[in-house]
Structure formats: C-alpha cells, structure tokens
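**Student:** Can you keep this structure in mind? I'll have questions shortly.
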Amino acid sequence: MWGQSAYVVKSDAGKTLTFTYGAQPAGTENEDWWEIAASYDAAPGWSSSTVTKVTIDQSFWSYKPDSTAYWFSQLSGMTAIEGLTYL
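This note's numbering numbers the first residue of the sequence shown as 14 and each following residue consecutively.
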C-alpha cells in the first residue's frame, strides 16, 4: 500500500493531465499515471504533444516540488492550464 505522494494522471484520451497529491491513482503506472519524483532529472513520461490541458488539483497544494523544470517542456499542444494557485 502506498502513502501520500504527488502524481500526474492522464485522462480524456491523453489530452488532459491532472497533477494531484494523495493515494496512488487507479490504472497502470507510467501509462495512465506517473509519480512526480521521476520528473526531476529529465522530461517525464507524461510529456506529449497530444496534451492540450493541464489541471492542478486542489490536493496538490500540500505538495512542495523540488523542481518544475521539465513538467511542461514537451507539451507543445497545451492550450490551457487550470488551478495554478495550487502549485
């Protein structure tokens, strides 16, 4: 069983990423969701030009990232970010 951690969850046929903090999400790791900690050294697995929207969930307020340098680096199709106040 996992504890509280930060995750990115892909939904809406890969068009939406949701940054969340809490229990492990449903689905397959490194396909449907990724742990944020894996993104500190290189472009993360969630990076894709098919992503058009990023949502930062209210639960993410509890998480204090070491770096956000690579989070959005390859999201060339992104047109919207919601919930920036929770980052």
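For each residue, glycine too, the CB sits at the ideal point set by N, CA and C.
1) Between which two residues does the beta strand (DSSP E) carrying Thr29 extend?
2) Report all residues from its chain with a CB closer than 6 Å to the CB of Tyr99; omit the five preceding and five following residues, and keep chain order.
3) Note down, in chain order, each residue of its chain lying with its Cβ closer than 8 Å to the Cβ of Glu95, except the 5 sequence neighbours on either side.
4) Would you say Thr29 reaches chain D, if we count a Cβ-Cβ gap shorter than 9 Å as a contact?
5) Looking only at its own chain, which residues have a Cβ that is under 6 Å from the Cβ of Met14, when we skip the five neighbours before and after it?
6) If distances are taken between C-alpha atoms only, which option among Leu97, Ser18, Ser89, Gln17 comes closest to Trp59?
7) So, with DSSP's three-state summary, where would you put Trp47?
**Tutor:** On the basis of the supplied data:
1) 29 to 35
2) Ile69, Gln71, Phe73, Trp74
3) Lys66, Val67, Thr68, Ile69
4) In the structure shown, chain D cannot be found, because there is only a single protein chain.
5) Legend: pLDDT at Met14 = 45, less than 50; position of this residue unreliable, value from coordinates given subsequently. Excluding positions up to five away in sequence, the list is empty.
6) Ser89
7) strand
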